[in-house]
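Sequence lines, in order, name chains A and B. Heads up, the first sequence is in this note's numbering, so the first residue is 1 and it goes up one at a time. Heads up, the second sequence is in this note's numbering, so the first residue is 445 and it goes up one at a time. Have a look at the structure below, then the notes.
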Amino acid sequence: MILSEGEVREIGTKLLSYSRAETAVAEISGWTRLNVRIARNTVTTDGEDEGFHCRVESSFGKRRGEAAGNKADPGDLASLVRRSEEIARISPEDPEFLPPPPPQIYPAAQGYSAEAARLTAKALAEQATTILAAAEAKRVIGAAFLECETSFSAYMATTGLWVFQQATRLHYAVSARTRDGEGAGWAAVAAYSPAEISLRSLVEQAMEKALRSRHPQALDPGQFTVLLEPSAVCDLVGFLLLSLQARPADEGRSFLSRPGGGTLLGEKLFADSVTLRSDPGDSTAPGSIYSTDGLPAAPRSWIERGTLRELIRSRFWAQEKKAPVVPEPTNLLLSGGDRSREELIQGIDRGLLITRLWYIRTVDPRTLLLTGLTRDGTFWIEKGKIAHPVNNFRFNESPVNLLKNVLALGKPEATVGSEIDDLPACVPALVAKEFTFSSVSQAS
Amino acid sequence: MSISRRKFLQSLAAGLLGGGSPLAAASSDDPSSRREEAARLAEAALDSARTAGAGYADLRVLFTESELLSAREERIENVEVSTSSGLGVRVLVNGVWGFSSTSVLDPAHASACARNAVEVAKANRVLATQLVELESIEAKTDRWRVPTEQDPFAIPLDRKAEQLLKINAEARAAGAPFCRSFFLFVRQEKFFASSRGSFLEQLFFRTYPHLTVTATDPKTGRFASRSSLLPPRAAGFEYVLSHDWKLEARQAAEDARRKLQAKPVTAGKKDLVIHPTNLWLTLHETIGHSTELDRAFGYEAGFAGTTFVKPSDRGRLRFASEIVTVMADRDQPGGLATAAYDDDGMPARFARFPIISRGRFENFQMAIGQSRWIGLPHSNACSFAEGHAYFPIQRMPNISLQPSERDVSLEELIAGVEDGIYIVGDGSWSIDQQRKNFQFGGQLFYEIRKGKLGEMLRDVAYQGTTVPFWNACDGLGGAKEYWLGGTLSCGKGQPVQSAPVSHGVVPARFRGIHVLNTGRGA
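Laid out in structure tokens, this is it:
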């Protein structure tokens, strides 16, 4: 369900008025979602969903308890407060407990589009007819997922802390397979505004890749120069961004721990061209304006021209280490240049074009070694041109190495990963050397 | 696929953790009043769906409670209880599905939700080039529950918190500087009603106790973790009590410390003996997902993927060696997919079928409306929806590797290996979108030399292709070695849904499998 700021403030004020605890925090959110899914050139599943969520945390001294529910009635909210207090009273003291922060100053929320919020199931279905018409015309088998979410979220505390934001999110993904099963293509984007999305362009990209990826030539695994399209970059760099955690690094159990003690913070770990930021006010992929513990999600450079500048640090750990508090990032922004995908291809003598990565998992946290696969369009580049499709691969590679080995960056664009699909992202295509593929995947 | 830890935690936060009253949970459920409430909602929704033009309609009304207690070293990190409820209505209008859900439980909202679902179906008629046809399912009125000895929500929270702290204290005393543990309990009451006249009531419990310890070597910068080998189960608090946590914590700490000194593996082809605590996940990814009929027909082409198994492979494909038989079921005690009915209202007895019989592929898993694609009369009860806000899709029942008919021990399997590796516990996992190329890690690895276990190894992962891998299986443990693994968070569908599922497994031996060294000099 969607509520206005005034309505949420009223609910929140009432909720906190029930509190008998020394401190209390409430997080309230609500949403409506629409989705439709296509496969085999026909609609398969669809739906509309509306929901509400409230989490209350109460504390007495260093004892705290949490309760959550999905009802907005005053009686239900009062019972959440009571329950969280009951839990707090019988919980052991938490030596790391800190009271909620005082009121904060937040940037203006950017991620809401009235046009997106007005979308209906009928309008979504009408848009999706483009996919079926193109699949018919190109004689391919189309699949797609179109989802639209409108939401609000608020964070408040008995200290007077209050923040509210509205957001919209459109997630469109289009796939195509050739009728002989030999070719597959995919294109996807997630953005807050319809202005950032061209469904027609996604359809064209997916279908062109499906048709071009038929009859792949066999290529043995090994180390290659790669051109990763933005979705693949989002997945790998997203894993890295979310792993930039101070505490495990300080405790000696992270790829950022230095043997003998200390961390790699401040070290030049990556190529000069790499600057990784988060900024809730980004115009293409705005993020939530608040983060962990209701703290503002300030603009931040995590990696600046190849040097590691920030690690995520909780309030408790910051106090322990006498270092700044650094809340979790709420979006992913990798700087790039102005080169088009074609210009990046022209700069590659021999290498691989990767459309999409899949099933990415950590293999070794000591090096942040990840494994996963390519899918939906893998091509051999030779002398600055796409030469022919090749088989898919399994990769075993670390995003740390990837960003160390960057050769060129394209123009950043809104995108979405296969795994990192809920962090607003604006990243470029990326060329890197010596990317390791460990085996062939015969999947097409 | 099993979803990543990040998504698992998100899914817990979003839904599974709808959690329960810690103090008054036992009194919060009045079965008869909820039954009456669900019946009223069903009547309103099904009437409205019919009036609005639905040829078929069903709904699920869910009441979920959960508790998550987590501890880090000597502190309780979090105690969160959660409750959620809602209903989802699915309708079929002129061969097109429509779905709508709400978290407001009253007859007016149930009716509005049903009308909305009809509108969604009508809106999407323009996208329907193939119409859905449903088989008949016998109308039933029934009740069922997961058998439990101790309701986990009736155990006081402070007692549970104390137990977690004791586990961590044991691990730390045994030399692990870092230790995280949690207890997760879920209680879910699910009512299903359909326009064909069914009204079904099922009560599920899920319990997951877990521990991870980490040892570090500050001089070298090395660190290593070892997690408990206990899977989630459909059970009550008795499951937590049945385990020797003192031993588990001490063993985990000792193993983590030994891992710091373990010998790097030499990559190459090796014979593997895989313990059930690792093999359940390999079975899940390679056999469980590849034999889903919706994948074979391209319904997951855009996301979870298709499968190398074709409809024409039924009864023909030599999927595995002759000793391998894999059965589906919904009646295994403790099984996370154990139920009396699936989410289409199909009785669980239809979910008992061979997927692989003596190495040959026999049957796909199916939900309602899919059996006609391959000329069969009805589904085999393989439908599930994560919660009230999710459209039911085809999901796995329990899928299990059958033991050898002989009483073969783990030691006997190891004795048959000249040069190989023994693998325990699940680790990293990844498989391609057609379920061919896979890579699995593990928690503990030991050399096998001339039939005997040797030194501990590190940096091991095994890669393979599904059919050759299962055809390389030449030894299975007997019934005494049978063990039930599983996950709460198998992901599939868009929007992605999490499903609980169990896999019974015995230790197995595989010949000539490609082993990698993943160390990269770390």
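Cβ atoms here follow ideal geometry from the backbone N, Cα and C, with glycine treated the same way. Being a predicted model, the structure only gives us computed values, none of them experimental.
- Positions of the alpha helix (DSSP H) runs, each at least 4 residues long and wholly inside the region 595-627 of chain B, are given as 601-617 in order along the chain.
- For D49 (chain A), DSSP records a beta bridge to A:R33, B:S545.
- In chain B, no part has a C-beta under 8 Å from the C-beta of L161 (chain A); the shortest such distance is about 20 Å.
- Here S669 (chain B) has T656, V657, T658, A700 as same chain residues with Cβ atoms under 7 Å from its own Cβ, once five neighbours each way along the sequence are excluded.
- When only Cα atoms are considered, G742 (chain B) and T751 (chain B) end up about 8 Å apart.
- In the displayed model, G864 (chain B) falls within a strand according to three-state DSSP.
- Check the Cα spacing between Y500 (chain B) and each of B:V533, B:E511, B:R516, B:E518: the tightest is with B:V533.
- Residue contact check for V570 (chain B) against chain A: a CB pair falls below 8 Å.
- Q695 (chain B) carries a helical assignment under DSSP once its states are collapsed to helix, strand and coil.
- Only exposed fits R587 (chain B), as fewer than 16 other CB atoms lie within 10 angstroms of its CB.
- With a 10 Å radius around the Cβ and a threshold of 16 neighbouring Cβ atoms, A792 (chain B) comes out buried.
- At a beta-carbon threshold of 8 Å, the residues of chain A lying near F543 (chain B) are T45, D46, G47, E48, ordered along the chain.
- Exclusion of the five residues before and after E593 (chain B) leaves G680, E682 as the residues of its chain whose Cβ lies within less than 7 Å of its Cβ.
- Residue ranges of uninterrupted beta strand (DSSP E) with 3 or more members, entirely inside the region 419-444 of chain A and ordered along the chain, are 425-427, 430-441.
- For A144 (chain A), same chain residues with a beta-carbon under 6 Å away, outside a window of 5 residues either side, are I38, I131, V174 in chain order.
- In this structure A833 (chain B) touches G530 (chain B) by the C-beta definition: roughly 6 Å separates them, less than 8 Å.
- For W927 (chain B), the beta-bridge partners assigned by DSSP are B:V949.
- D279 (chain A) counts as buried, since no fewer than 16 other beta carbons sit within 10 angstroms of its beta carbon.
- Closer than 8 Å to the CB of G885 (chain B) there is at least one CB belonging to chain A.
- Restricting attention to B:E645, B:N560, B:S734, the CA atom closest to the CA of Q878 (chain B) is found in B:S734.
- Separation of the CB atoms of A825 (chain B) and P841 (chain B) is rounded to 7 Å, and the pair is thereby assigned contact status at 8 Å.
- By the Cβ neighbour-count rule, R760 (chain B) is exposed, with fewer than 16 other Cβ atoms within 10 Å of its own.
- G410 (chain A) carries a strand assignment under DSSP once its states are collapsed to helix, strand and coil.
- Taking all protein chains in view, the Cβ of A285 (chain A) is crowded by 16 or more other Cβ atoms within 10 Å, so the residue is classified as buried.
- Unbroken beta strand (DSSP E) runs of no fewer than 3 residues, entirely contained in the region 42-99 of chain A, are found at 42-60, 63-69, following chain order.
- Per DSSP, the continuous alpha helix (DSSP H) segment holding W724 (chain B) begins and ends at 720-727.
- In this structure, B:A952 is the residue among B:G908, B:T931, B:A952, B:T910 with its C-alpha nearest to the C-alpha of A923 (chain B).
- Closest option to T726 (chain B), judged by alpha-carbon separation, among B:C917, B:F648, B:G864: B:C917.
- Distances from the CA of A206 (chain A) to each of A:S291, A:I90, A:A134 were compared; the closest alpha carbon is that of A:A134.
- The C-alpha of A232 (chain A) lies about 16 Å from the C-alpha of N331 (chain A).
- Below the 9 Å Cβ cutoff, chain B contributes no neighbours of Y290 (chain A), its closest Cβ being approximately 16 Å away.
- Counting only runs of 3 or more residues that sit fully inside the region 308-359 of chain A, the beta strand (DSSP E) segments are 332-334, in chain order.
- Around the C-beta of T13 (chain A), fewer than 16 other C-beta atoms lie within 10 Å, and the residue is accordingly described as exposed.
- A Cβ of chain A is located within less than 8 Å of the beta carbon of W873 (chain B).
- DSSP, reduced to helix, strand and coil, places Q165 (chain A) within a strand of the structure shown.
- When 9 Å is used as the limit between beta carbons, K663 (chain B) is near these residues of chain A: P259, G260, in chain order.
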